[in-house]
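Accompanying notes for the structure given below.
Protein chains: 4
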Amino acid sequence: MLPPHEVKDMALAVKGRELIELAERNMQALVTYRSRLADKPLTGKRIAVNLHVTKETAVLIKTLVAAGAEIAMTGCNAFSTQDEIAAALVDEGCSVFATHGCSNEQFHKYIAKVVDFKPHILIDDGCDLTVAVHAKGGETLANVIGGCEQTTSGVIRLRNMARDGALKFPMIATNDNKTKALVDNYYGTGQSCLDGIMRATTFFIAGKTVVCVGYGWCGKGIAMRAKGLGAQVVVTETHPFAALQAAYDGFRVMPMDEAAKVGDMFITATGNKHAISVEQIQTMKGGAVLSNAGQFVYEIDVDGLNKVKTASREVRPNMEEITLPSGRSVYLLGGGNLLNLTCAEGHPSEVMATSFLGQMKAVEHVFGHAGKLPVDCINLPEELDDEIAALQLAAMGVKYDTMTPEQEAYMKSWKEGHDL
Amino acid sequence: MLPPHEVKDMALAVKGRELIELAERNMQALVTYRSRLADKPLTGKRIAVNLHVTKETAVLIKTLVAAGAEIAMTGCNAFSTQDEIAAALVDEGCSVFATHGCSNEQFHKYIAKVVDFKPHILIDDGCDLTVAVHAKGGETLANVIGGCEQTTSGVIRLRNMARDGALKFPMIATNDNKTKALVDNYYGTGQSCLDGIMRATTFFIAGKTVVCVGYGWCGKGIAMRAKGLGAQVVVTETHPFAALQAAYDGFRVMPMDEAAKVGDMFITATGNKHAISVEQIQTMKGGAVLSNAGQFVYEIDVDGLNKVKTASREVRPNMEEITLPSGRSVYLLGGGNLLNLTCAEGHPSEVMATSFLGQMKAVEHVFGHAGKLPVDCINLPEELDDEIAALQLAAMGVKYDTMTPEQEAYMKSWKEGHDL
Amino acid sequence: MLPPHEVKDMALAVKGRELIELAERNMQALVTYRSRLADKPLTGKRIAVNLHVTKETAVLIKTLVAAGAEIAMTGCNAFSTQDEIAAALVDEGCSVFATHGCSNEQFHKYIAKVVDFKPHILIDDGCDLTVAVHAKGGETLANVIGGCEQTTSGVIRLRNMARDGALKFPMIATNDNKTKALVDNYYGTGQSCLDGIMRATTFFIAGKTVVCVGYGWCGKGIAMRAKGLGAQVVVTETHPFAALQAAYDGFRVMPMDEAAKVGDMFITATGNKHAISVEQIQTMKGGAVLSNAGQFVYEIDVDGLNKVKTASREVRPNMEEITLPSGRSVYLLGGGNLLNLTCAEGHPSEVMATSFLGQMKAVEHVFGHAGKLPVDCINLPEELDDEIAALQLAAMGVKYDTMTPEQEAYMKSWKEGHDL
Amino acid sequence: MLPPHEVKDMALAVKGRELIELAERNMQALVTYRSRLADKPLTGKRIAVNLHVTKETAVLIKTLVAAGAEIAMTGCNAFSTQDEIAAALVDEGCSVFATHGCSNEQFHKYIAKVVDFKPHILIDDGCDLTVAVHAKGGETLANVIGGCEQTTSGVIRLRNMARDGALKFPMIATNDNKTKALVDNYYGTGQSCLDGIMRATTFFIAGKTVVCVGYGWCGKGIAMRAKGLGAQVVVTETHPFAALQAAYDGFRVMPMDEAAKVGDMFITATGNKHAISVEQIQTMKGGAVLSNAGQFVYEIDVDGLNKVKTASREVRPNMEEITLPSGRSVYLLGGGNLLNLTCAEGHPSEVMATSFLGQMKAVEHVFGHAGKLPVDCINLPEELDDEIAALQLAAMGVKYDTMTPEQEAYMKSWKEGHDL
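Encoded structure:
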């Protein structure tokens, strides 16, 4: 018998299973790890999940189920929900509440359903589930051991909650895992955002001036791949250290007011709001492309843009031509929503293997240290992070060295120096 | 009247001053900072310095002197000492004990002289001065407020001292400054090591297989520049996270035993000993080039190599052809000593501006918090590190953004999320 | 009244016009050129066209029509035909015979219709139209002034026809235009093929071993972009000069038998047949991706593969999983057909502006020199080629220098040398 | 007994031989070729050589001698002459007239000596020898079968001579060999010029704006390596095709008047004169670095600069600080002479193996077709050029494929097409 759920169509489960199988082929690190969980260490644990409902997430969910956990799930972004996957996961015994393109109202209803599941552990993406559990309070809140959060935007919210004393259980910032930052934010975002730009526009990248708004891990990955596709890259930043790195990476760094005038394509990756203002948009060249790689839609002032526009039309899927009062028009991709998920298909499966190993490790760590972790937004222990890297290397077939005992000793000594 | 000193020839001071002037032109970040020290905040402080005696170091020393400090100095590497600079610094009123090519015995004598200066603060490179002060003990040791250390190798030694309870005063790991790691270890080492390879050998880089032994900041910089010059890069590592990054950066990762057989050029940057063993050297192709980017000579087993060699000769300055029992020969650059300093001229001046701003900031921080810092190997506060980045950007003429108050508020909030 | 035609549905013309408008926005070089043709220099000329029926081709066709020409057209690849565009071009007054996914039999019927148009000039892509006109012979053949050919594969056929004395009118190898080779084969193919790989598979490129089979202009573009996306690139070649360039570009060069064993993804760009044999496919790793960037399907031995396979299924659109007798399976993209057109959307519009300016210039040149050009496969005069570059630069807003009279004189002199 | 000669000191021959041996190690393609010349095909031929007198040239000369030729030689650039090599070549039986730093007057005397040798064949670099032989005329001129020219600058002069009917024997433009353009002009110049910049200045490249003046093979190589070392590259050009390539390679293209204002370093590679005018130099930033990668000193208007300067001094070897009337100063490297030879050591030996195989092939071709080649500046037959690539690949140990008979047949057919 199927668990409680709300999905588009259970008949889609067949196609969903096929897609999950394809994902598993490229997520060997996670699949291998799953094979080690035969003793079902998460038996009896209820886990609430708020993640993008994609074939890769399904591989994580199946791994949690294999470990004995019970799952209630919703999708953190209405447009990333794949209805086939939602159906297939219900078939796997999960309570899934997610439909592609659901309204804001439905989204909150789904979150509420998941909260009502009375979870022990949360897996969150953007912090909306965590905030909802805190809002609910009472026994539901008290029941939570802890959880983990997957995005920069969510971690910023968690740290602010912790600072304000609002956070009531430990949350592991899996977003800040070294392996996640490197593989997902840097390489994954780099590839999938340029993929999104090309699919949405089919525009030529070579010779274009691509403005990377923000030069954190995501922005660096985007800049690297834009350069790799032949673009001239311009970087804008508010933080001096990131700006310095961009300059020494050979990119032009300038204030956004100047970049607005020279750019052909803009990609925001700041985790902040209004990284591109509507005033700046109005100084752009006709035909400029606007897109956002960040979690939330606010990085570009889309509301402001909608207020000033004189016309708009969809010229291709996910590509809206917006005419400005000047008569010039710009293209907005995916409505300003997360570029790689709206205009492409999110990260490659292989990338998500690394990210989701972080969630697995975090869930096990929270569960194994119930009541012992500080009530704060904390990091995954580095040795667990390194294990993820080792699992991924093994899946890739990459061999590397181990230190000799003599080298181990040397690295621990301090007497050797100028002359040995 | 000149202070106590031991340098090659005071007549070289004229040339030394010219060189320092050239360095200052490219170290505007530090020179600008110097101009703000008119109130001489380090008056009465005795600072012992163990650094490479180069024109760039001289710009730091002049800045410390401008801040009111008294200086005793030696050179941390006999072959990097520029006698012109040593002379010019004596002229600036510093007690310099350093001669190019001095013996190991002389080196220890010079260190002793500097220790006898009874310093309040140490600026160290490789930790030899710090170890010597601890060995001296007594009032000399008690007199020290703290200091800073500039290299990975030195920081490893300091952390091990701290772990063993051997460290007796706070040492700031300026090596670990974000700005230092980025600018000096990554970009600086990258450029100067390839410069060293080209000067020593004049070999063609394009099409060569360059083996980067170690993929920390230095190794990554070297790999990036070797690739930028057309090499096929192979990486060896003992740490899974670094190995994963190398693999995703598009490099072949393999154990050193395999890399030894395919490489044309080898550059070690591990901070460890015997990263290349004499057994591995004997499996290399004839004509292979061996070099070390690390602080200490032990990264390549040069002693072992000297034991097995059947002949050797200097074919070019800093390029020794060493014949192996197999009849094949390999080239050892700079005797296995620090590649960029022995075969080229160390880091570009601009790089050292950033590194030495770290020392300035560390010295001021230690001095300003005398007795209040933990007796440990600690980091420079991040806000001081960011100030260095800002100073360097200003020197480069790079402009960047500042957050609007609305953005500052957003970054501190946690209630905004799925729907604003 | 509409001209004779065979297209899917004339109602699609509305959408077709919208797409053509989007293309024109990115093909300003060609649109600007069109505005100069008010005197209709091609009035009364019948032009037969065998090109991919895409929005970009439509911009060329509209330019020919603006110049006064009458057009009959078919699509050179059944799967690249966009039915909306076919309909819109009929609306522009062209005789279009092209339907998406038409059978081989239909394709030949369409070619025959176009041949029956009794063209003065041919614009060909793959040489099938030219061969058909020669096969038809008689008055139809006699009526042809000349034409141009757009692909490497077609030019090879033309040169062989010319060598055998079979070619009966001059054909300009617009494929060999400097501007076409550079912009279309190199940058265009590079971007669009990687776009195709990512859309078809969503696989991660970073860290993958991508085998570029062939290192001509197309292969070099593909290799550059694969590297730009983080791949390890391996090149196979049969020509020593191309192999040498690949090696010095920092890529591993090896025979295909070896490359088959190490590659994760394979992209053929040789213009030859069976660049990857079925025997080599059977030595590949499970999960290997096979794709072809060349004009014809024969570069990979797909027929051979179909003979040995034990199973196959479409796992995603354009991505077929083929199980080999060994039990391992490989993925074939787009059935081995032209990767960028089957799995992505062909070249970006901007690229095609350059290519199609070549056709415009060639048509005008053939028309203007009727009976005076050698009956051979010949090149476009270099000064016309340079005009294309200048038009494209103007469209991009790029300014460059002109030589001073003094410099012009210097470049023509030979007496100045060691001392001026 | 030694032949007639004028060199610095015959005692230097010992060191010269050692250096030549080192070069031979990296020029295996040429050394292997030498081993095939046991039948001395050039016996009795007198060859006049005007090339840079370096260890690599010596390997060519030894190969010519091994083939039976008699040699008279001078150095085409006074500052590139290595006196050790000159001495060693006299020891090999060659008439060498070359001393490092010789005056313009001596240079012409040396050229005259070589002309008086009554050569059958000329090997020229910059065309000065060829012009001198034409100026001499008479029997000397009549005696010449033909020759070859190594540089872009020289080929421009030759083509102009041919156009004016002034050229009296066939000259092979070995400069235009595909292998030479690729390996020497592109990769070789790229590496050695950046090597020269770093040796002369020790300036940091990362983050600098490097202006590549000219985007031919040399300019492209320089731009590629400047980018590879972290620079922002700006390109100036007078030719639209080259400008278009630079733009699509992701570089900013702008007129020199604008580039002058934004550049930190300038490298000319145009083959033209006054590519940087003194007016433009006066608009540059203080501290700008000026250098020339071209054959002749005129690319930068050094004479004009010397006229306006208010002061100058050598701050490092090959680095002159020149103060402008504005009070700002710029750095001129190597006096504006050929950067890689004055500030570094010219091309790597391996590069010269390819270039000099071109000379060997050209000399043999001219000799084998005496009286049959057109009296013009002509190209080396492409199959000989491909042999050079094959020899170089063999020396590098690179394996590649050969076409199957089926593939050979396919490449010659024209009937196969849409359906096989």
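Residue numbers (my numbering), protein chains in the order written: chain A, 1 to 420; chain B, 1001 to 1420; chain C, 2001 to 2420; chain D, 3001 to 3420.
Built from N, CA and C at the ideal position, the CB exists for glycine as well.
Check, Outcome
"Kindly indicate which residue of Leu3338/D, Thr3323/D, Ala3259/D has the alpha-carbon position closest to the one of Val3297/D.", "Leu3338/D"
"Find the nearest neighbour of Phe107/A within the set Glu364/A, Glu6/A, Leu60/A, Gly335/A, judged by alpha-carbon distance.", "Glu6/A"
"Cα-Cα, which of Leu1089/B, Glu1279/B, Tyr1248/B is closest to Met1256/B?", "Glu1279/B"
"State yes or no: is the C-beta of Gly1327/B nearer than 7 Å to some heavy atom of the ligand MG?", "This structure does not include the ligand MG; it has no bound ligands of any sort."
"Answer yes or no: does any C-beta atom of chain B fall closer than 8 Å to that of Lys2285/C?", "no"
"Flag this pair as touching only if the segment 3396-3408 of chain D and the segment 2229-2249 of chain C have three or more C-beta atom pairs under 8 Å; answer yes or no.", "yes"
"Taking buried to mean at least 16 other C-beta atoms within 10 Å of its own C-beta, is Gly3368/D buried or exposed?", "exposed"
"Find the nearest neighbour of Ser277/A within the set Phe251/A, Val253/A, Asp386/A, Lys307/A, judged by alpha-carbon distance.", "Lys307/A"
"Between which two residues does the beta strand (DSSP E) harbouring Asp124/A extend?", "121-124"
"Using alpha carbons as the reference points, say which of Gln3028/D, Gly3068/D, His3239/D lies closest to Asp3039/D.", "Gly3068/D"
"Going straight from the alpha carbon of Gly287/A to that of Gln2028/C, what length do you get?", "12 Å"
"Let's see if you can read the secondary structure: which residues bound the alpha helix (DSSP H) around Gly1221/B?", "1217-1228"
"Going straight from the alpha carbon of Gly3219/D to that of Lys3309/D, what length do you get?", "28 Å"
"Where does Gly1352/B fall in DSSP's three states?", "It is Met, not Gly, that sits at residue 1352/B in the sequence shown. Note: Met1352/B maps to helix in three-state DSSP."
"For chain C, find out if any of its Cβ atoms is closer than 8 Å to the Cβ of Arg1225/B; answer yes or no.", "no"
"Taking the alpha-carbon of Lys2208/C as reference, which of Tyr2215/C, Leu2051/C, Val2262/C, Val2065/C has the nearest alpha-carbon?", "Val2262/C"
"Who are the Cβ neighbours of Val144/A in its own chain at under 8 Å, not counting the five residues just before and after it?", "Pro119, His120, Ile121, Leu122, Val133, Lys168, Phe169"
"DSSP puts Gly3147/D in a beta bridge; with which residues?", "Leu3122/D, Met3171/D"
"What number of angstroms, rounded off, separates the C-alpha of Ala1011/B from the C-alpha of Ala1087/B?", "7 Å"
"Strictly below 9 Å CB to CB, what residues from chain B border Gln407/A?", "Thr1238, Thr1270, Asn1272, Lys1273, His1274, Ala1275"
"I want to see whether chain A comes within less than 8 Å of Ala3260/D, judged by CB atoms only; does it?", "no"
"Taking the beta strand (DSSP E) that Phe117/A belongs to, which residues open and close that run?", "Element bounds for Phe117/A: n/a, residue is neither H nor E."
"Look up Met1001/B in the DSSP assignment and say whether it is helix, strand or coil.", "coil"
"For the beta strand (DSSP E) that contains Ser1095/B, what are its first and last residues?", "1095-1097"
"When you check each C-beta in the segment 244-258 of chain A against every C-beta of chain B, which residues fall closer than 7 Å?", "Leu244, Gln245, Ala247, Tyr248, Val253, Met254, Pro255, Met256"
"Which residue's Cα is closest to the Cα of Ser1312/B: Val1330/B, Ile1281/B, Asp1303/B, Ile1300/B?", "Val1330/B"
"Starting from Tyr1331/B, trace the beta strand (DSSP E) both ways and give me its first and last residue.", "1329-1333"
"Using a Cβ-Cβ cut-off of 8 Å, state whether Asp3195/D counts as contacting chain B.", "yes"
"Can you give the beta carbon distance from Ser3080/D to Leu3341/D, rounded, assuming they're within the 8 Å contact cut?", "4 Å"
"In terms of residues, what are the limits of the beta strand (DSSP E) holding Glu447/A?", "What is shown of chain A runs 1 to 420, which leaves residue 447/A out entirely."
"What do you get for Asp2176/C, buried or exposed, if any count of 16 or more other CB atoms within 10 angstroms of its CB means buried?", "buried"
"Beta-carbon of Ala2395/C versus every beta-carbon of chain B: anything under 8 Å?", "no"
"Of all the options Gly3146/D, Ala3142/D, Val3115/D, Thr3063/D, which has the alpha carbon lying nearest to the alpha carbon of Leu3373/D?", "Gly3146/D"
"Which residues, in order along the segment 3334-3367 of chain D, keep a beta-carbon less than 9 Å from a beta-carbon of chain B?", "Ala3344, Glu3345, Gly3346, His3347, Pro3348, Ser3349, Glu3350, Val3351"
"Within the same chain, show all residues whose beta-carbon is closer than 8 Å to that of Pro3381/D, passing over the 5 residues directly before and after it, in chain order.", "His3365"
"Can we say the segment 1155-1164 of chain B touches the segment 1342-1352 of chain B, given the rule of at least three CB pairs closer than 8 Å?", "no"
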